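A.B. asks: According to my numbering, the sequence shown is numbered sequentially starting from 144.
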Amino acid sequence: MGKPVTIVVGSQIWVENPELVWIDGEVINIKGEDAEIQISNGNKVVAKVSKIYPKDMEMPAGGVDDMTKLSYLHEPGVLCNLATRYESNEIYTYTGNILIAINPFQSLSHLYDTVMMERYNGVPFGELGPHVFAIADAAYREMINEGKSNSILVSGESGAGKTETTKMLMRYLAYLGGNAAAEGRTVEQQVLESNPVLEAFGNAKTVKNNNSSRFGKFVEIQFDKRGRISGAAIRTYLLERSRVCQISDLERNYHCFYLLCAAPEQEKEKYKLGDPKSYHYLNQSNCYQLDGISDEHNYLSTRRAMDVVGISVVEQEAIFSVVAAILHLGNIDFANGEDNDSSVLKNDESLFHLQMTAELLMCNPRALEDALCKRVMVTPEEIIKRSLDPHGATVSRDGLAKTIYSRLFDWLVDKINVSIGQDPSSKCLIGVLDIYGFESFKTNSFEQFCINYTNEKLQQHFNKHVFKSEQEEYTREEIDWSYIEFVDNKDVLDLIEQKKGGIIALLDEACMFPKSTHDTFSQKLYQTFKDNKRFIKPKLTRSDFTIVHYAGEVQYQSDQFLDKNKDYIVPEHRDLLSASKCSFVAGLFPSLTEEAAKSSKFSSISSRFKLQLQHLMETLNATEPHYIRCIKPNNVLKPAIFENINVVQQLHSGGVLEAVRIKCAGYPTYRSFFEFLTRFRILAPEVLKMDFPENEACEKILEKMGLKGYQIGKTKVFLRAGQMAELDAKRALMLGDSAKVIQRRGRTHITRRKYVSIQEASICVQSFCRGELVRKLYKLKKRVNAVVKIQKTARKRLARKDYIKILFSSVVLQTSLRAMVARDELRYRVKVAIIIQTGLRAMAARDAFRYRVNAAVIIQVYEQWLLVMLLDVECNLSRELLFRLTWKKQKEKRQQSWSPLCKLIN
144 MGKPVTIVVG
154 SQIWVENPEL
164 VWIDGEVINI
174 KGEDAEIQIS
184 NGNKVVAKVS
194 KIYPKDMEMP
204 AGGVDDMTKL
214 SYLHEPGVLC
224 NLATRYESNE
234 IYTYTGNILI
244 AINPFQSLSH
254 LYDTVMMERY
264 NGVPFGELGP
274 HVFAIADAAY
284 REMINEGKSN
294 SILVSGESGA
304 GKTETTKMLM
314 RYLAYLGGNA
324 AAEGRTVEQQ
334 VLESNPVLEA
344 FGNAKTVKNN
354 NSSRFGKFVE
364 IQFDKRGRIS
374 GAAIRTYLLE
384 RSRVCQISDL
394 ERNYHCFYLL
404 CAAPEQEKEK
414 YKLGDPKSYH
424 YLNQSNCYQL
434 DGISDEHNYL
444 STRRAMDVVG
454 ISVVEQEAIF
464 SVVAAILHLG
474 NIDFANGEDN
484 DSSVLKNDES
494 LFHLQMTAEL
504 LMCNPRALED
514 ALCKRVMVTP
524 EEIIKRSLDP
534 HGATVSRDGL
544 AKTIYSRLFD
554 WLVDKINVSI
564 GQDPSSKCLI
574 GVLDIYGFES
584 FKTNSFEQFC
594 INYTNEKLQQ
604 HFNKHVFKSE
614 QEEYTREEID
624 WSYIEFVDNK
634 DVLDLIEQKK
644 GGIIALLDEA
654 CMFPKSTHDT
664 FSQKLYQTFK
674 DNKRFIKPKL
684 TRSDFTIVHY
694 AGEVQYQSDQ
704 FLDKNKDYIV
714 PEHRDLLSAS
724 KCSFVAGLFP
734 SLTEEAAKSS
744 KFSSISSRFK
754 LQLQHLMETL
764 NATEPHYIRC
774 IKPNNVLKPA
784 IFENINVVQQ
794 LHSGGVLEAV
804 RIKCAGYPTY
814 RSFFEFLTRF
824 RILAPEVLKM
834 DFPENEACEK
844 ILEKMGLKGY
854 QIGKTKVFLR
864 AGQMAELDAK
874 RALMLGDSAK
884 VIQRRGRTHI
894 TRRKYVSIQE
904 ASICVQSFCR
914 GELVRKLYKL
924 KKRVNAVVKI
934 QKTARKRLAR
944 KDYIKILFSS
954 VVLQTSLRAM
964 VARDELRYRV
974 KVAIIIQTGL
984 RAMAARDAFR
994 YRVNAAVIIQ
1004 VYEQWLLVML
1014 LDVECNLSRE
1024 LLFRLTWKKQ
1034 KEKRQQSWSP
1044 LCKLIN
């Protein structure tokens, strides 16, 4: 990767960080080779200038969809761009024509529906955003237009999403090359339905992935002249046979075992199967069920997929009988026989499982027991039958289980190929390679060695393709690239596969000698490769060895290399199963002819795998490759978590950073003339004033900056590693100087404007203050007047209130006094009235009495008068009348004088 040529104070950079791998910051001081950096988390660190990288401050907020658009193509820039895009659920990113796919660990169905397929159908590569459909469409269009076969290589570590990506590729190719009017089982349907079948028998749960492919797969999809799918073939590589007998905790065996244990009850009863926990090959781990996945449903789906790919019901029954037989076979335990060198069945349970295994495989139970517990040695003189101890019998049992399962898997692949059929007239094909990525664990055995060997071969092919793509770009631009050195990993491949003296050759040689052990094999490696820089002998180990791969060092444990490399079927096992009454089982182990037996005295897994790999590389070299690198963003398998350390490791192992290194070996940064001038015209403004052509203007700028090694193409400027950083640094310095001038002028202008503004403001403030002072004085006077008025009014109201209160009190008092006087007067008058009334009544009574007395006297007198004075009537009458008138007048006078008093009394 290119190192920055110029780092100055104020540069935005990337610096190494133990937790985040890379963290951004700003250079605040430089002393010699050391730079003091203020990083984004607030801390300050010191780092070597040679170990920091410039940060592209002009990168869009959402990142770029193609890494080649980055101004600085280096590890932190690549990592930052991927992380930025992943945050916004943009899981696909290009690096040239290489697609990087980050597993989102969540369903994004809208990215893979029919609408999205129609959107990418026929669109030129690069016009739409990065997508797996774009890669598939580019391969299909190139095949149709140029008549050349293409291949799509999908790689990545377990859990990175290779299997799902492969499914999407095949779905899209089936969409492009399918025949909608066809009836019955079409080729594309069979190709798609082969996936669940192979997943059931070739995939398993690992610590890193719930559906990890434990084999490599290359699907060749053939097309006719019209671009329709006319045939297909599936090739598989290096099935992990050891998983059948041995699994680690938190992992599962192959899915088919658990699917069969979850089958309907009548199926389980037929095979005498129970809970997975009761079988030795399954209960070595505590994991039996996958979250959110139904084994019952998947069993039925697998049976339906088998129907689609052309596996008959009879064959399906035979397949699951073999699977059930393997489970029963694993539960056969052994104990010491009559002597310590022999073995017998341990108990009745082992006998039951032996009988069930024999019944399902349709072979003789006694012959099966002998094949597990005994070996036949043929000598020139005689045939010797030797007994095995319990450990040897257990190894024999596991070897038989692995052999049966391996042959079953190979039969499935062959059957699918036969059912789908190949088109001999097809001239073009698209191959989809789904293969394991680079692996490095705490314990690395023979499987990891073969897997990493495969990745070394693919990396060499990848490097050649990237280098070729660079060459094509340089050729189009007509620039000289002859001196650019090709970065190759041939030395590692020679270490592994060299015919004489390679690790595989030495391994095969060790396997052919009966007395060889992993210790002798390791010592042979140490002696042969002691001077090889790619081979390291670890300290504190006797048999381990380390290979420096392109993706890093891997330490291998060789203790099982010899056993796992032997592709040898025990003759007793072959004879037992080839004599089976079940034609299916017998067909898995055809009997060998004498010549074939002689020619196959020794066969190794590594040699056979090496030959398969050579054929694969020949096929890939004959096609136009397209690459998809799958990345697992975290180890907890959850969405929205991006672990930098984990991703960087995969970028190394997936060859993405190797591709970056190859690009950096040439011209990693190139820009069109317009983009270059837009960005760097400030470095030589006089060039633009002279109206040069764009290419000459670019060259003038580069010459003025004193750069060497660049090249001017037809439409682009090609810069060597670090030159973009140097131009940006000079641009930053010039912008900084210009900024200082602008700032000085600006500060002068701003200061003068500020002074004038302050002066005007002070006058305004003074005027305002004076006005405010007068207004406040006026307000004060107004308040004084208001206060006086308020006081006057208040006093008036208080006086009125007091007056009203006094008035009210006086009225009340007067009322009370008048009432009291009136009451006293009333009492007095009542008393007076009573007295007067009493007097009047007494006087009236006396008058009445007198009157009556007088009347009586008068009457008496009158009578006497009448009697005496009859004669003198007129005289008496006159006297009486005078008397009466006098008395009446007196009475009226008395009544007139009494009337006011009577009224008062009444």
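We put the CB at the ideal spot given by N, CA and C, even for glycine. Predicted, not measured: the structure shown is a model, and the values here were computed from it.
Grab me the residues of residue 245's own chain with a C-beta within less than 7 Å of its C-beta, minus the 5 sequence neighbours each way, in chain order.
C.D. replies: So the list reads 225, 229, 234, 774, 776, once near-sequence residues are dropped.
A.B. asks: For residue 152 versus residue 168, is the C-beta distance shorter than 8 Å?
C.D. replies: No; because the gap between Cβ atoms is not below 8 Å, this pair is not in contact.
A.B. asks: Return the first residue and the last residue of the alpha helix (DSSP H) that residue 600 is part of.
C.D. replies: 589-619 is the extent of the alpha helix (DSSP H) around residue 600.
A.B. asks: Go to residue 710, then tell me how far its alpha helix (DSSP H) extends in each direction, as first and last residue.
C.D. replies: Neither: residue 710 is in no alpha helix (DSSP H) and is coded neither H nor E.
A.B. asks: What ranges does the alpha helix (DSSP H) occupy inside the stretch 474-516, keeping only unbroken runs of at least 4 residues that lie completely in it?
C.D. replies: Fully enclosed alpha helix (DSSP H) runs of 4 or longer: 491-504, 508-516.
A.B. asks: Please tell me whether residue 530 and residue 476 are closer than 8 Å, where the distance is taken between their beta carbons.
C.D. replies: Not in contact: residue 530 and residue 476 (Cβ atoms no closer than 8 Å).
A.B. asks: Would you list the one or two residues that DSSP bridges to residue 571?
C.D. replies: 366.
A.B. asks: For the beta strand (DSSP E) that contains residue 191, what are its first and last residues?
C.D. replies: Looking at the DSSP string, the run of the beta strand (DSSP E) that includes residue 191 is 187-191.
A.B. asks: Under three-state DSSP, which class holds residue 339?
C.D. replies: Helix, per DSSP.
A.B. asks: Here's a check: name, in chain order, each residue in its chain whose Cβ is nearer than 7 Å to the Cβ of residue 740, leaving out the five neighbours to either side.
C.D. replies: At residue 740 the pLDDT is 49, less than 50, meaning the model places this residue with poor confidence and gives no usable figure here.
A.B. asks: With residue 582 as the anchor, note down where its alpha helix (DSSP H) starts and where it stops.
C.D. replies: Note, residue 582: premise wrong, no alpha helix (DSSP H); not H, not E.
A.B. asks: Write down the C-beta distance between residue 180 and residue 187 rounded to the nearest angstrom, noting that I regard them as a contact closer than 8 Å.
C.D. replies: Right, their Cβ atoms sit about 7 Å apart.
A.B. asks: Please state whether the Cβ-Cβ distance between residue 400 and residue 457 is less than 8 Å.
C.D. replies: No; because the gap between Cβ atoms is not below 8 Å, this pair is not in contact.
A.B. asks: Count the other CB atoms within 10 Å of the CB of residue 567; is the residue buried (16 or more) or exposed (fewer)?
C.D. replies: With fewer than 16 other Cβ atoms within 10 Å, it is exposed.
A.B. asks: Could you check which residue in 203, 197, 205 has the C-alpha nearest to that of residue 216?
C.D. replies: It is 197.
A.B. asks: Return the residue from the list 899, 494, 527 that minimises the CA-CA distance to residue 511.
C.D. replies: Nearest of 899, 494, 527 to residue 511, Cα basis: 494.
A.B. asks: Taking 8 Å as the threshold, find out whether the stretch 334-341 comes into contact with the stretch 295-315 through three or more Cβ pairs.
C.D. replies: A contact exists between the stretch 334-341 and the stretch 295-315.
A.B. asks: How would you call residue 176, buried or exposed, if buried means at least 16 neighbouring beta carbons within 10 angstroms?
C.D. replies: It is exposed - the Cβ of residue 176 has fewer than 16 other Cβ atoms within 10 Å.
A.B. asks: Looking at C-alpha atoms only, which residue of 671, 690, 579, 469 is the closest neighbour of residue 677?
C.D. replies: The shortest Cα separation from residue 677 among 671, 690, 579, 469 belongs to 690.
A.B. asks: Measure the alpha-carbon distance for residue 264 versus residue 369 and round it to whole angstroms.
C.D. replies: Roughly 16 Å separates the two Cα atoms.
A.B. asks: Confirm, please, whether the CB-CB distance from residue 683 to residue 664 is below 8 Å.
C.D. replies: It is not a contact, given that the beta carbons lie outside the stated cut-off.
A.B. asks: Could you tell me which residues DSSP puts in a beta bridge with residue 861?
C.D. replies: Paired residues: 813, 854.
A.B. asks: Near residue 439, what residues of its chain come up, given a Cβ to Cβ distance below 6 Å and the 5 sequence neighbours on each side ignored?
C.D. replies: The residues are 405.
A.B. asks: Applying the criterion that 16 or more other CB atoms from any shown protein chain within 10 Å of the CB defines a buried residue, is residue 147 buried or exposed?
C.D. replies: Unreliable positioning characterises residue 147 in this predicted model, as indicated by a pLDDT of 43, which lies under 50. The coordinate reading is nonetheless provided below. When all chains shown are included, residue 147 counts as buried.
A.B. asks: From the DSSP output, read off the bridge partner residues of residue 196.
C.D. replies: Partner(s): 157.
A.B. asks: Answer yes or no: do residue 199 and residue 214 have a C-beta to C-beta separation smaller than 8 Å?
C.D. replies: Closer than 8 Å, so yes.
A.B. asks: Tell me whether residue 586 is buried or exposed, calling it buried when 16 or more other Cβ atoms sit within 10 Å of its Cβ.
C.D. replies: The residue in question, residue 586, is exposed, as its Cβ has fewer than 16 Cβ neighbours within 10 Å.
A.B. asks: Quick check on this structure: which residue in 823, 817, 848 has the alpha carbon closest to the alpha carbon of residue 836?
C.D. replies: Measuring from the Cα of residue 836, the nearest candidate turns out to be 817.
A.B. asks: Give me, in chain order, the residues of the same chain whose beta-carbon lies closer than 7 Å to that of residue 420; leave out the 5 immediate sequence neighbours on both sides.
C.D. replies: If we look at residue 420 and ignore the five residues flanking it on each side, its Cβ neighbours are 426, 431.
A.B. asks: Are the beta-carbon atoms of residue 606 and residue 801 separated by less than 8 Å?
C.D. replies: Cβ distance < 8 Å, so residue 606 and residue 801 count as in contact.
A.B. asks: Let me know the secondary structure DSSP gives residue 407 once reduced to three states.
C.D. replies: Of the three classes helix, strand and coil, the one that applies to residue 407 here is coil, per DSSP.
A.B. asks: Unbroken alpha helix (DSSP H) runs of length 4 or more, entirely within the stretch 736-805: which are they?
C.D. replies: The qualifying runs are 737-742, 748-764, 787-796.
A.B. asks: Determine the contact status of residue 424 and residue 463, defining contact as a CB-CB distance below 8 Å.
C.D. replies: Not closer than 8 Å, so no.
A.B. asks: Is it a yes or a no for the stretch 495-502 touching the stretch 448-457, going by three-plus beta-carbon pairs under 8 Å?
C.D. replies: The stretch 495-502 vs the stretch 448-457: no contact.
A.B. asks: At what residue ranges does the stretch 220-283 contain a whole run of the alpha helix (DSSP H), taking only runs of 4 or more?
C.D. replies: As far as the stretch 220-283 is concerned, its whole alpha helix (DSSP H) runs of at least 4 residues are 257-263.
A.B. asks: What residue ranges within the stretch 661-729 form continuous alpha helix (DSSP H) runs of no fewer than 4 residues, ordered along the chain?
C.D. replies: List check, alpha helix (DSSP H) in window: 661-671, 704-708, 714-721.
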